[in-house]
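Contents: one structure, followed by commentary.
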Amino acid sequence: MRGQHFIYRLLLLSISLLLLSSCGTDSYLASSEQRANLADMSKNTDQDILIGVAWPLESSRISYVWGAQLAEAEINANGGLNGRNVRLVIEDEAKYREQAGIGTDRQTRSSYQRAATSLARKFASDPNIIAVIGHHTSLLAIPAATTYYFHGLLYLASTSTNPGLTVSGDDLTFQLLPNDREMVRQLVGFAALNTDGGKKPYKRMVVLNERSKYGDDVASFFADAATELGVKVVSRNSFYKRKPDQTFVDYRSVLFPLRSLEFDAIFLIASKAEAGEIVRQAVEVDIQQPFLGMDVMENQEFLQAAGTAAEGVIVPSAYNENFNLAEPFIHAYTQEHGIPPDTWAALAYDSVKLIAHGIELSHYSTIPSFIANSIRYMDPWFGATGIYKFQLGGANLGKAYVIKRVQDGEFRSLAGGQVPFLLYENRRKTKVSRQQSSLTGKGDMPEGSGNMSISAHMQENMDDSVAEASSFLAEFTPEMLLFDSSQATAVAVVTEVELPDLILNYIAAPEENIVPMVLVPFKPPSDDNEAENNSTTTEPDFATTTEAAQTEALAVTDETAEPSTAQAAETVQVVPVLPIRGDMIPSDSLSSSRLQQLIP
11 MRGQHFIYRL
21 LLLSISLLLL
31 SSCGTDSYLA
41 SSEQRANLAD
51 MSKNTDQDIL
61 IGVAWPLESS
71 RISYVWGAQL
81 AEAEINANGG
91 LNGRNVRLVI
101 EDEAKYREQA
111 GIGTDRQTRS
121 SYQRAATSLA
131 RKFASDPNII
141 AVIGHHTSLL
151 AIPAATTYYF
161 HGLLYLASTS
171 TNPGLTVSGD
181 DLTFQLLPND
191 REMVRQLVGF
201 AALNTDGGKK
211 PYKRMVVLNE
221 RSKYGDDVAS
231 FFADAATELG
241 VKVVSRNSFY
251 KRKPDQTFVD
261 YRSVLFPLRS
271 LEFDAIFLIA
281 SKAEAGEIVR
291 QAVEVDIQQP
301 FLGMDVMENQ
311 EFLQAAGTAA
321 EGVIVPSAYN
331 ENFNLAEPFI
341 HAYTQEHGIP
351 PDTWAALAYD
361 SVKLIAHGIE
371 LSHYSTIPSF
381 IANSIRYMDP
391 WFGATGIYKF
401 QLGGANLGKA
411 YVIKRVQDGE
421 FRSLAGGQVP
431 FLLYENRRKT
441 KVSRQQSSLT
451 GKGDMPEGSG
461 NMSISAHMQE
471 NMDDSVAEAS
481 SFLAEFTPEM
491 LLFDSSQATA
501 VAVVTEVELP
511 DLILNYIAAP
521 EENIVPMVLV
531 PFKPPSDDNE
541 AENNSTTTEP
551 DFATTTEAAQ
561 TEALAVTDET
571 AEPSTAQAAE
581 TVQVVPVLPI
591 RGDMIPSDSL
601 SSSRLQQLIP
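Going by this note's numbering, 12 is the number at position 2 of the sequence shown; the sequence numbering is gapless.
Structure (structure tokens):
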């Protein structure tokens with residue numbers, strides 16, 4: 011009966027749209043209204059919820075589709091959304107790129123526009139599709155977003171980082187990653203305060219960028235961030251991009267002059283394979299300084315082109331393979347495909363799960379504008395790549411990028427790679443707040459601090475900066491267990507007073523032998539509980555607490571999940587932090603009597 015009613019309403023809607031079209035109503039408006047009305051009518055039916063996926067299906071990029079399919083399978087296995095299954099509609103972006111001549115001698119300035127709009131119109135032609143994720147590059151995402159907006163489709167740009175994506179006033183588009191300007195700023199923050207493995211900060215850098223709008227924009231972002239964070243740009247050089255029909259370009263004419271300069275590192279802006287070729291040729295001409303690049307270089311094409319020269323290259327990334335909240339995703343993906351997920355897989359997984367979260371917040375409405383509003387105003391939401399929170403225009407509010415380095419032919423997250431920037435950023439915000447208070451007469455400001463140089467600013471009162479930066483990691487209780495989640499062993503008791511030293515050691519320590527740690531707040535048993543247990547000591551039962559911590563740390567659940575034991579619910583709340591080495595713990599904690607009880 012419900013199905014007959016749905017068909018009847020669909021016929022009425024179709025007739026009304028035909029009448030509106032015959033009266034000259036704008037086709038975009040008709041498409042958008044039809045999509046919203048169909049979504050409204052299907053709310054209480056068993057109709058599948060259709061989500062488009064725009065992505066090249068070549069084997070080197072297929073992980074994105076696999077990540078989206080894993081999210082689809084998990085949602086449906088858990089009963090769907092109000093009883094409705096999610097169904098992905100996958101389109102091969104490579105086919106549309108080829109038709110538009112991209113990558114061939116037929117490529118023109120409008121090729122990306124044609125490819126993007128053709129694919130976007132394909133999705134828009136199906137009024138049952140409510141949302142789209144994907145598009146491999148910003149060159150495709152930006153024109154596609156315009157088409158989706160006019161046709162009333164929700165669009166989540168998983169990998170686009172161009173700042174222009176969310177400036178048009180489009181209220182249906184969301185950028186899942188902080189844009190290029192913020193990415194560069196965080197990377198320069200890492201360079202300015204680099205303590206990776208005891209290395210000195212990269213205070214003098216060379217910029218080497220491709221001659222394109224993207225290359226010029228990112229190089230400008232770098233110059234701005236370098237000025238702000240006290241990094242000197244020693245030289246800025248550019249090169250022509252490789253043409254589609256070229257298989258090899260000799261970049262030595264650009265690289266040779268760099269050998270006479272004094273600098274700490276090179277910031278490279280280039281496409282995947284081209285960046286790999288430049289890095290390889292730099293080693294061949296005996297350039298020893300490390301390379302830093304953009305997230306586009308986190309790719310197998312780069313590693314293959316660079317070969318062994320890729321070792322030590324540093325890039326920002328959205329995905330930390332050591333993030334403890336991503337463990338269920340990593341486990342499920344690896345079990346399904348036999349290989350661990352990459353950044354693309356994690357972003358696709360988050361994209362589908364975020365749409366599902368928006369539908370739940372909308373009381374299971376699938377009207378695209380309703381879902382968009384729910385996502386726009388939602389509380390911070392955690393996915394496999396970390397936290398998501400958006401500005402009103404759809405831009406990401408500024409999640410911290412992970413810093414990765416190539417080791418043994420693989421990109422691996424540096425423990426605490428983004429912490430130096432977060433420390434500086436927190437200190438900068440505090441300084442700005444004090445300056446504003448001073449100007450408005452609402453607060454005191456240290457004498458002379460208004461004229462403080464950036465480098466002095468970063469070096470002054472580092473202990474205070476570390477203490478302030480603890481707010482970036484967690485809300486800390488007076489005492490915590492430092493818990494090794496890889497060995498299921500409590501390692502130490504850490505107090506709030508000791509935490510700043512722990513973070514300082516954490517930043518300065520080399521990355522070797524890093525093990526995943528979590529800080530586990532606990533409260534000792536109350537006097538009543540002690541009486542019930544006939545306890546003769548005020549010390550907590552670490553064996554029980556550690557077991558509860560293990561359960562919580564290794565099996566992350568949502569807020570509605572039932573705790574494994576009553577004591578786990580009462581005494582343990584896992585706080586996700588970055589990996590911490592056991593030997594970074596202050597020595598007085600290691601010698602404490604409490605720690606002796608923790609170690610078997």
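Note that the Cβ used here is the ideal one computed from N, Cα and C, for glycine as well.
Note that the structure is a prediction, hence the values are computed from the model and not measured.
I'd like to check one pair, residue j with residue i: are the Cβ atoms closer than 8 Å?
i: residue 303; j: residue 278; result: yes
i: residue 306; j: residue 268; result: no
i: residue 262; j: residue 137; result: no
i: residue 424; j: residue 414; result: yes
i: residue 80; j: residue 328; result: no
i: residue 239; j: residue 179; result: no
i: residue 197; j: residue 168; result: no
i: residue 166; j: residue 143; result: yes
i: residue 83; j: residue 358; result: no
i: residue 1; j: residue 376; result: The chain is shown from 11 up to 610; residue 1 falls before or after that span and cannot be answered.
i: residue 350; j: residue 340; result: yes
i: residue 157; j: residue 141; result: no
i: residue 355; j: residue 76; result: yes
i: residue 323; j: residue 416; result: yes
Strictly under 8 Å for the Cβ-Cβ distance: is residue i near chain D by that measure?
i: residue 54; result: In the structure shown, chain D does not exist; there is a single protein chain.
Applying the criterion that 16 or more other CB atoms from any shown protein chain within 10 Å of the CB defines a buried residue, is residue i buried or exposed?
i: residue 254; result: exposed
i: residue 221; result: exposed
i: residue 274; result: buried
i: residue 320; result: buried
i: residue 177; result: exposed
i: residue 212; result: buried
i: residue 353; result: buried
i: residue 161; result: buried
i: residue 393; result: buried
i: residue 360; result: buried
i: residue 195; result: buried
i: residue 387; result: exposed
i: residue 372; result: buried
i: residue 62; result: buried
i: residue 291; result: buried
i: residue 301; result: buried
Suppose the cutoff is 8 Å on Cβ atoms and the five residues either side in sequence are ignored; what does the same chain contact list for residue i look like?
i: residue 125; result: 103, 106, 107, 109, 110, 112, 150
i: residue 295; result: 262, 265, 266, 269
i: residue 391; result: 364, 367, 397, 398, 399
i: residue 344; result: 350, 351
i: residue 66; result: 102, 103, 104, 107, 146
i: residue 233; result: 217, 243, 246
Between residue i and the rest of its own chain, which residues show a CB-CB distance below 6 Å, the 5 nearest in sequence each way excluded?
i: residue 189; result: 171, 173
i: residue 219; result: 225, 229, 248, 279
i: residue 330; result: 412, 423
i: residue 286; result: 312, 315, 316
i: residue 154; result: 126, 130, 145
i: residue 380; result: 372
Under 7 Å Cβ to Cβ from residue i, same chain only, skipping five residues before and after it: list those, please.
i: residue 191; result: 173, 231
i: residue 298; result: none
i: residue 86; result: 95, 96
i: residue 385; result: 184, 364, 368, 400
i: residue 159; result: 180, 182, 183
i: residue 309; result: 282
i: residue 250; result: 221
i: residue 93; result: 56
i: residue 214; result: 242, 244, 272, 273, 274
Identify every residue that forms a DSSP beta bridge with residue i.
i: residue 172; result: Its beta-bridge partners do not exist; DSSP assigns none.
i: residue 242; result: 214
i: residue 248; result: 219
i: residue 7; result: Nothing about residue 7 can be reported from this structure: the residues present for the chain run from 11 to 610 only.
i: residue 391; result: 398
i: residue 142; result: 62, 165
i: residue 185; result: 167
i: residue 278; result: 218, 303
Query raised in the report: Which whole runs of the alpha helix (DSSP H) in the region 63-103 are 4 residues long or more, in chain order?
Result: With a minimum length of 4 residues, the continuous alpha helix (DSSP H) runs that stay inside the region 63-103 are 73-87.
Requested in this report: Only counting runs of 3 or more residues, tell me where the beta strand (DSSP E) segments fall wholly within the region 303-333, in order along the chain.
Outcome: Entirely contained in the region 303-333, the beta strand (DSSP E) runs reaching 3 residues are, in chain order, 324-327.
Query raised in the report: Which runs of the alpha helix (DSSP H) fall wholly inside the region 399-427 and span at least 4 residues, in chain order?
Result: none
Requested in this report: Taking only runs that begin and end inside the region 332-393, name each unbroken beta strand (DSSP E) of 3 or more residues, in chain order.
Outcome: 391-393
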